[in-house]
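Peer 1: Chains as they are written, first to last, in the numbering used here: chain A, 3 to 476; chain B, 3 to 744.
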Amino acid sequence: MSSILTPNSPSHCAGPLDRRGFMQIGLTGMGTLGLSGLMRLRAENATKPDGEKTAVILVWLPGGLSHVDSYDPKPDSGSEYSGPFKEISTKIPGTRITELMPMQAKIADKFTILRSMHQGAGGHPAGSMQMFSGDPDTRDKPKPKLPDWMSVVNYLRSQQEKGENPLPHYVGVNPAPGNYSGPAYLGNAYSPFAITSDPNRPDFAVPNIGITDPAETKRLSDRLALRQSLDKMERAFDTENELAALDEFEQQAMALMTNPATRDAFDLSKEDPKLRDRYGRNRWGQQLLMARRLVESGVDVVTSTLSGPLCGRVNNWDDHAVNQHQFEALRFRMPNYDRAVSALIEDVYSRGLDKRVLVVVTGEFGRTPKIKYDRSTGAGNASGPTGTLQPGRDHWPRAFSNIWAGGGIQTGAVIGATDKRGEDVIERPCGPHDYLATIYHHLGIDYNKVTIDDFNGRPTPIVNDGKAIPELIA
Amino acid sequence: MISPRPLSVVVAFTILLAFWPGNAAGESSTSGEKLNFVHDVIPILTKAHCNAGACHAKADVGQRGFRLSLLGFEPQDDYEHIVKEAKGRRVFPNAPEQSLLLLKATNQVPHGGGVKLKPGSKSYETLVKWIGQGMPYAEEDDPELIGIEIEPERMTMPKETEQQLKVIANYSNGTRREVTELALFEANNEALATVGETGMVETRDLPGKVAVMVRYSGQVSVFNVSIPLGAPVTDLPDPANFVDELVFANLEEIGIPPSPVCDDATFLRRVTLDLAGRLPSPEEATAFLADTSPDKRDRVVDTLLDSPDYADYFANKWAALLKNRRESKADITANFAFHSWVRDSLLQNKPYDQFVREILAATGTIVENPPVAWYKRVKQPTAQLEDVAQLFLGVRMQCAQCHHHPFERWSQRDYYSLAAFFSQVGRKPTAIAGEDLIFHKRGTAQFVNKKTAQPVKPAGLGGPALEIAPDDDPRLQLADWMAEEDNPFFAKVLVNRYWKHFFKVGLVEPEDDLRDTNPATNPELLSALAQHFIDSGFDLKEAIRVMVRSKTYQLSAEPNEHNAVDRQNFSRFYPKRLQAEVLLDSIDLFTGATTSFADLPMGTRAVALPDNSYNSSAFLKVFGRPDAASVCECERVQSSSLAQSLHLMNSSEVKGKLATANGRAATLSKLEGEVSEGIHELYLVAFSRPPTGEELSIAEDFLSKERTDANGKPLAVATAKRQAYEDLIWALMNTKEFLYNH
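#1: Rounded to the nearest angstrom, how far is the Cβ of Val263(B) from that of Phe394(B), given a contact under 8 Å?
#2: Determine whether the Cβ of Ser671(B) lies closer than 9 Å to any Cβ atom of chain A.
#3: Measuring only the C-alpha atoms, how far is Tyr281(A) from Lys623(B)?
#4: Check whether the Cβ atoms of Gln304(A) and Val58(A) sit closer than 9 Å, and answer yes or no.
#5: By Cβ distance below 8 Å, which residues in the same chain neighbour Arg328(B) in space, the five residues on each side in sequence not counted?
#6: Going along the chain, which residues of the region 48-60 of chain B sit with their C-beta nearer than 7 Å to a C-beta in chain A?
#7: Starting from the C-beta of Gly129(A), find all residues in its chain whose C-beta is less than 8 Å away, skip the five residues before and the five after it, and write them out in chain order.
#8: Measure the alpha-carbon distance for His341(B) versus Ala321(B) and round it to whole angstroms.
#9: What are the residues of the region 651-668 of chain B that lie near chain A, defined by any Cβ-Cβ distance shorter than 8 Å?
#10: Compare the C-alpha of Ala267(A) against each of Thr420(A), Leu169(A) and Thr370(A) and name the closest.
#11: Please list, in chain order, all residues of the same chain as Val208(A) whose beta carbon is under 6 Å from its beta carbon, the five residues on each side excluded.
#12: Rounding to the nearest angstrom, what Cα-Cα distance links Ala293(A) and Val567(B) in this structure?
#13: With a 10 Å radius around its C-beta and 16 neighbouring C-beta atoms as the bar for buried, classify Lys422(A) as buried or exposed.
#14: Quick one, are the C-beta atoms of Met119(A) and Cys432(A) less than 9 Å apart?
#15: Along chain A, in chain order, which residues have C-beta atoms closer than 7 Å to that of Trp732(B)?
#16: State the CB to CB distance for the pair Gly408(A) and Val350(A), rounded to an integer number of angstroms; the pair is presumed to be in contact (CB under 8 Å).
#17: Check whether chain B comes within 9 Å of Glu163(A), counting only Cβ atoms and requiring the distance to be less than that.
#18: Pick helix, strand or coil for Thr30(A), following the three-state DSSP scheme.
#19: Taking DSSP's pairing of strands, which residues face Arg579(B) in a bridge?
#20: Quick one: using the 10 Å Cβ neighbour count with 16 as the cut-off for buried, is Leu734(B) buried or exposed?
#21: Roughly how many angstroms lie between the CA atoms of Val13(B) and Glu183(B), to the nearest whole one?
#22: Asn451(B) by DSSP, collapsed to three states: which one?
#23: Just to confirm before moving on: does the CB-CB distance between Leu650(B) and Asn736(B) stay below 9 Å?
#24: Could you tell me the distance, in whole angstroms, from the CA atom of Leu730(B) to the CA atom of Phe592(B)?
#25: Suppose contacts are defined by Cβ-Cβ distances below 9 Å. Is Gly665(B) in contact with Gly594(B) by that definition?
#26: May I ask which residues mark the beginning and end of the alpha helix (DSSP H) holding Asn337(B)?
#27: Residues bridged to Phe269(B) by DSSP?
#28: Let's test the definition: count the other Cβ atoms within 10 Å of the Cβ of Leu673(B) and tell me whether it reaches 16, buried, or not, exposed.
#29: Give a yes or no on whether 9 Å exceeds the smallest Cβ distance from Cys264(B) to chain A.
#30: Nearest by alpha-carbon distance to Val465(A): which of Asp321(A), Asn261(A) and Asp137(A) is it?
#31: Assign Ser588(B) to buried or exposed, taking buried as 16 or more other Cβ atoms, counted over all protein chains shown, within 10 Å of its Cβ.
#32: Tell me the rounded alpha-carbon separation between Pro472(A) and Val427(B).
#33: Just to confirm my understanding: we take Thr370(A), look at its own chain, exclude 5 residues before and 5 after, and list those with CB closer than 8 Å. What are they?
#34: Please classify Arg569(B): does DSSP put it in a helix, a strand, or coil?
#35: Would you kindly report the start and end of the unbroken beta strand (DSSP E) that includes Trp406(A)?
#36: Tell me which residues of the region 497-524 of chain B have at least one Cβ-Cβ distance to chain A shorter than 7 Å, keeping chain order.
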């Protein structure tokens with residue numbers, strides 16, 4: 003393994019200095035901040051100075067997308083490596099991706115491909131934790147030790163704007179895997195508001211939300227009125243504003259449940275049927291449409307995991323030969339993926355959300371460039387009967403790709419490169435901390451300064467040794 | 003003692019001229035002498051936060067290739083990095099101002115951290131001079147820093163006043179020097195007082211006690227402030243015991259009059275929730291309210307302490323702190339066994355020192371000796387010492403694994419000395435995956451200090467190194483040391499933890515962070531509670547009894563005209579949110595529903611759950627039941643959230659409980675006779691008291707209103723009545739009076 007791939011190696015991603023970053027802290031007296039000052043900073047720096055309320059949609063591909071079969075094709079790597087998929091040209095001359103993604107090829111000007119992502123953890127739990135929380139420990143563990151970036155944003159934005167928008171700050175439309183992500187020491191209050199049912203189903207409804215029966219709404223407001231008239235605990239008790247917060251959340255919940263505007267944020271029937279078709283009338287397409295709808299309504303972070311039967315036999319992207327036939331699985335899976343992701347990107351631009359909303363599509367790692375044959379452990383979609391020898395690819399954290407759109411960034415570019423087989427990064431390696439820093443940067447969070455106290459009260463940085471990737475920031 | 007006074011810039015400047023730069027105060031001008039890297043340079047970097055954890059002292063990596071040790075604890079490494087690394091670009095003795103160190107710190111060359119030093123400032127000039135001198139590290143006869151003093155050390159400060167602190171460094175050769183400008187200041191309660199970079203303390207408009215921690219070059223000291231309210235304190239209740247004497251003495255000193263003692267219904271609900279983790283039954287409430295004997299409060303405390311509900315509730319607390327965590331299905335036997343062991347220990351009131359000893363020194367398998375389960379979850383000696391230190395000693399040692407503790411006297415030597423107690427824990431795999439047989443591995447107890455690469459012998463914190471014979475289990479010696487009568491931590495952290503359980507706010511906050519720089523708000527009370535606990539033979543029930551029998555515990559939560567602002571002197575009872583398990587049980591009791599839990603008999607209460615696997619319950623999760631991942635009680639989230647409100651208002655779980663067949667709403671709606679009886683029952687269950695006249699009439703009006711369906715047609719009487727009771731129950735269980743213990 004080359005030295006650049008060790009988990010703690012210094013990043014080479016940094017480009018020109020971010021002017022805003024060094025203006026923020028300087029010039030206060032001796033240019034220093036006390037600990038207490040730093041604590042205040044946590045809350046203050048959670049949005050960009052110009053006040054625009056930025057948002058992020060993360061499309062998560064659990065198990066890891068095979069980079070060489072998608073955004074980083076290697077047609078000349080030989081039959082032991084190269085899959086069956088041809089390269090195609092895209093709207094951007096010189097940028098080529100595989101034939102599995104024709105719809106994205108047509109809008110290649112609207113996203114940037116980062117081909118030089120790498121991280122140090124080969125297991126699903128640790129690999130995912132690298133991408134969610136930047137955990138420097140690359141061993142698998144049952145639960146994350148550090149809060150993921152989504153919970154951090156939820157926490158920071160909650161500190162900053164209490165009750166201004168009835169919608170939650172962070173929604174999981176099929177949330178990120180719960181054992182690999184989560185708020186850790188921030189506490190469950192910063193978990194996502196989770197939508198776990200299939201938005202493509204005609205009977206789709208978000209639980210606890212969207213009461214449409216007027217009788218039920220009336221009953222609820224009667225109950226609230228009764229509760230208020232019977233609530234005898236005097237406000238005078240309320241020295242910590244705890245009781246006030248409780249009332250605030252109750253009102254917010256009531257609005258979420260009954261206010262048509264907020265309820266609408268979750269109602270896909272309000273979308274043009276043609277647009278719904280464009281995203282794809284399946285779970286993934288409608289999930290991503292929901293994601294766009296939510297950020298448009300003021301949600302700060304939406305994660306959407308593309309998993310389930312649309313992946314193939316094992317419900318995720320973990321295309322080991324024992325699980326499913328790598329290439330059949332991609333043939334089965336990619337049309338819906340290509341349609342949904344391209345629709346989301348197009349839609350973000352056509353609605354003018356492209357400055358405010360950053361779209362990131364990634365998994366925890368790539369897949370082994372060398373094809374490995376093994377025997378199927380079970381028949382299913384994209385998998386032969388038990389015992390069938392079929393091709394697969396294993397976990398590959400040393401090099402993989404992800405794509406970035408919106409966020410006011412320069413799109414249509416390709417950043418970084420891997421070697422001729424796609425095994426190692428040879429240009430502009432970017433680690434998980436650079437990736438996290440880039441996302442935080444878009445959200446106006448000073449990732450160099452913000453720390454969060456862990457269970458032991460130790461101030462823990464949200465990004466350890468990363469720098470926002472210059473080409474991916476506005 | 004120095005009285006509060008404004009400190010003008012001129013005064014500050016004069017002091018600086020007198021003492022800085024240079025070596026020792028009291029000597030004549032020393033400007034010609036060589037500077038000392040440790041005394042003169044590092045403090046500047048520390049004050050400018052160059053070596054903060056978020057900047058160049060970020061663990062293992064530093065920032066942008068320039069790495070410093072945290073807060074300058076490793077000056078020799080820092081010297082190497084500044085003087086010798088980066089091809090010497092960081093310092094240019096021939097043109098000191100062109101040194102990268104200064105160009106970056108002043109942001110003349112763009113610096114991610116911005117401007118840290120202003121050109122021309124004293125600190126800047128000191129660095130220029132040091133570089134110009136050729137970056138001396140130290141002269142042979144340079145003295146050592148041996149301590150710092152703060153002037154004043156403690157004082158009473160009125161609200162909204164200022165006090166400038168002066169920090170004096172003492173050196174081994176007897177010299178002293180003022181270092182105020184380069185010291186770091188931090189107040190432990192910013193609601194009460196703040197302290198600026200220059201050491202100016204400003205009190206706010208709240209009464210109480212604040213400690214300002216002062217740090218300089220690895221030394222720490224504390225300035226204690228008492229901010230009085232100054233109101234007349236006249237109607238003090240008769241003290242029930244020493245707790246009251248010490249609390250009331252503090253209230254008198256600080257001038258905060260306490261609220262009166264609460265009524266019987268409030269007391270019964272409060273103490274039952276706090277001791278047994280449940281609401282009193284209507285029968286208990288009725289009997290208690292009717293009882294006229296003067297000692298009925300003391301008796302109910304004893305009854306509750308003897309009940310299995312007490313053991314369930316406190317086992318719930320301890321099982322989480324002892325990490326009784328389900329990570330796979332196969333853990334269930336261990337989880338159940340360990341939980342039962344904790345519960346039984348509490349039920350039989352096993353002395354606390356013995357309880358801890360049986361965990362620390364556990365040997366064998368989980369099935370034959372359940373506390374071995376602790377060693378299943380806490381595997382490494384470092385994790386073992388860290389958990390033991392935080393949980394049983396109230397000392398957070400994690401920092402000292404890699405560097406000197408920034409707020410403490412603990413070094414890496416102390417850390418690894420504690421680890422050495424666990425160096426002879428032997429493990430042998432058993433037939434059950436993931437479970438080892440634990441035994442004492444014969445040999446010399448010692449552990450390699452990561453910093454020096456030398457082995458160290460076991461030693462209690464602040465104690466001498468122990469020579470332990472190879473056949474003796476060092477863990478027993480650790481337990482012995484903990485239970486020594488003069489152990490400064492063991493009893494204090496337990497009584498403080500329990501105090502917080504009952505009074506919401508610890509005498510020390512956080513409750514497991516006892517250190518010299520984080521003093522108790524009432525140190526005499528903390529000491530007295532600890533002594534009482536030791537004298538009782540570490541009797542946990544007695545520790546509780548002395549707290550809840552006090553008048554202090556029984557004060558009303560309702561503030562008087564003076565004490566609404568009090569948050570740490572216990573002049574009234576601070577209302578506490580019901581925790582997840584207790585709230586679920588209370589809602590079950592109130593609605594007449596039952597929650598069923600996997601592998602447990604129907605009717606098992608949520609407070610009696612053995613482990614975290616039951617957090618798959620949406621209710622427990624959303625209300626913050628901890629996952630037993632940490633020894634810190636802070637893992638339990640007690641704050642409110644949107645998801646909680648949604649859950650109470652509209653979840654199918656809560657709706658189902660309200661509508662449960664043969665539940666309370668169903669039963670009451672079928673009741674013949676006056677509706678007031680039904681309302682009476684609801685108030686007795688929810689609040690252990692009858693409704694007031696006003697409450698009764700609001701509820702009666704509500705129940706008698708006609709109800710219609712979606713089309714405006716009146717509902718059938720039975721349906722309407724049942725719905726009305728469901729609504730009333732919902733409204734009552736969403737009041738603050740229900741959601742809080744007050």
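Each residue gets a CB set at the ideal place from its N, CA and C atoms; glycine is no exception.
Remember, it's a predicted structure, so these values are computed and weren't measured experimentally.
Peer 2: Concretely, from the data shown:
#1: What you label residue 263(B) is simply residue 261 of the second sequence in a count that begins at 1. What you label residue 394(B) is simply residue 392 of the second sequence in a count that begins at 1. Not confirmed; about 34 Å, so no contact.
#2: Stepping through the second sequence from its first residue, residue 671(B) is reached at position 669. By this cut-off, Ser671(B) is not an interface position.
#3: Here residue 281(A) refers to the residue found at position 279 when the first sequence is read from its first residue. Here residue 623(B) refers to the residue found at position 621 when the second sequence is read from its first residue. Linking Tyr281(A) to Lys623(B) through their CA atoms gives a straight-line distance of about 34 Å.
#4: Along the first sequence, read from residue 1 onward, the residue named residue 304(A) stands at position 302. Along the first sequence, read from residue 1 onward, the residue named residue 58(A) stands at position 56. The residue asked about is misnamed: residue 304(A) is Val in this sequence, not Gln. In this structure, Val58(A) lies closer than 9 Å to Val304(A) by Cβ.
#5: The count along the second sequence starts at 1 and reaches residue 328(B) at position 326. Annotation for Arg328(B): Ile334, Asn337, Asp613, Asn614 and Ser615 place their beta carbon closer than 8 Å to its own, counting only its chain and skipping 5 residues before and after.
#6: From the region 48-60 of chain B, only Lys49, Ala50, His51, Gly55, Ala56 and Lys60 have a Cβ closer than 7 Å to chain A.
#7: Start at 1 with the first residue of the first sequence, and residue 129(A) comes out as number 127. Only Gly66, Gln121, Ala123, Glu366, Phe367, His397 and Pro399 meet the Cβ criterion.
#8: What you label residue 341(B) is simply residue 339 of the second sequence in a count that begins at 1. What you label residue 321(B) is simply residue 319 of the second sequence in a count that begins at 1. One C-alpha to the other measures close to 6 Å.
#9: Listed by position, the residues of the region 651-668 of chain B near chain A (Cβ gap below 8 Å) are Met651, Asn652, Ser653 and Ser654.
#10: Your numbering for residue 267(A) matches position 265 in the first sequence. For Ala267(A), the nearest C-alpha among the options comes from Leu169(A).
#11: Against the first sequence, residue 208(A) aligns to sequence position 206. So the qualifying residues of the chain are Ile197 and Phe268.
#12: Position 291 of the first sequence holds residue 293(A). Position 565 of the second sequence holds residue 567(B). Using only the alpha carbons, I get a separation of about 45 Å.
#13: Position 420 of the first sequence, counting from 1, holds the residue named residue 422(A). By the beta-carbon neighbour count (other beta carbons within 10 angstroms, threshold 16), Lys422(A) is exposed.
#14: Within the first sequence, residue 119(A) is the residue found at index 117, counting from 1. Within the first sequence, residue 432(A) is the residue found at index 430, counting from 1. Yes, the pair counts as a contact, with Cβ atoms nearer than the cut-off.
#15: By 1-based counting over the second sequence, the position of residue 732(B) is 730. Residues of chain A passing the Cβ test: Arg225.
#16: On the first sequence, position 406 is the one that residue 408(A) refers to. On the first sequence, position 348 is the one that residue 350(A) refers to. Gly408(A) to Val350(A), Cβ: 5 Å. Contact.
#17: Taking the first sequence and counting its residues from 1, the one referred to as residue 163(A) is at position 161. No, because no Cβ of chain B sits closer than 9 Å to the Cβ of Glu163(A).
#18: In the first sequence, the residue the question calls residue 30(A) occupies position 28. Low confidence applies here, because Thr30(A) scores a pLDDT of 25, under 50, leaving its location unreliable; read the following figure in that light. Residue state, collapsed to three classes: coil.
#19: Working through the second sequence from its first residue, we reach residue 579(B) at position 577. When beta bridges are read from the DSSP output, Arg579(B) appears opposite Tyr742(B).
#20: Looking up residue 734(B) in the second sequence gives position 732. With 16 or more other Cβ atoms within 10 Å, it is buried.
#21: Position 11 of the second sequence holds residue 13(B). Position 181 of the second sequence holds residue 183(B). Confidence at Val13(B) is low in this model, with a pLDDT of 36, below 50, so its placement is unreliable and no value can be given for it.
#22: Sequence index remark: in the second sequence, residue 451(B) carries index 449 (1-based). DSSP places Asn451(B) outside both helix and strand once states are collapsed to three, so it counts as coil.
#23: Your numbering for residue 650(B) matches position 648 in the second sequence. Your numbering for residue 736(B) matches position 734 in the second sequence. Between Leu650(B) and Asn736(B), the CB-CB gap stays under 9 Å.
#24: The residue you call residue 730(B) lines up with position 728 of the second sequence. The residue you call residue 592(B) lines up with position 590 of the second sequence. In this structure, the alpha-carbon of Leu730(B) lies about 11 Å from that of Phe592(B).
#25: As a position in the second sequence, residue 665(B) is number 663, starting the count at 1. As a position in the second sequence, residue 594(B) is number 592, starting the count at 1. With a cutoff of 9 Å on beta-carbon distance, Gly665(B) and Gly594(B) are scored as near each other.
#26: Residue mapping note: residue 337(B) aligns to position 335 of the second sequence, counting from 1. Start and end: Ile334 to Leu349.
#27: Taking the second sequence and counting its residues from 1, the one referred to as residue 269(B) is at position 267. According to DSSP, which records beta bridges pairwise, Phe269(B) is partnered with nothing at all.
#28: Taking the first residue of the second sequence as 1, we reach residue 673(B) at position 671. Result: exposed.
#29: Here residue 264(B) refers to the residue found at position 262 of the second sequence. Using a CB distance cut-off of 9 Å, Cys264(B) does not count as an interface residue toward chain A.
#30: Locating residue 465(A) in the first sequence gives position 463, where the first residue counts as 1. Minimum Cα distance to Val465(A) is reached at Asp137(A).
#31: Against the second sequence, residue 588(B) aligns to sequence position 586. So Ser588(B) ends up on the buried side.
#32: Sequence index remark: in the first sequence, residue 472(A) carries index 470 (1-based). Sequence index remark: in the second sequence, residue 427(B) carries index 425 (1-based). Rounded to whole angstroms, the gap between the alpha carbons of Pro472(A) and Val427(B) is 51 Å.
#33: Along the first sequence, one-based indexing puts residue 370(A) at 368. So the list reads Arg395, Asp396, His397 and Trp398, once near-sequence residues are dropped.
#34: Residue mapping note: residue 569(B) aligns to position 567 of the second sequence, counting from 1. Arg569(B) carries a coil assignment under DSSP once its states are collapsed to helix, strand and coil.
#35: On the first sequence, position 404 is the one that residue 406(A) refers to. Its beta strand (DSSP E) spans residues Phe402 to Gly408.
#36: Answer set for the region 497-524 of chain B: Pro512 and Asp515.
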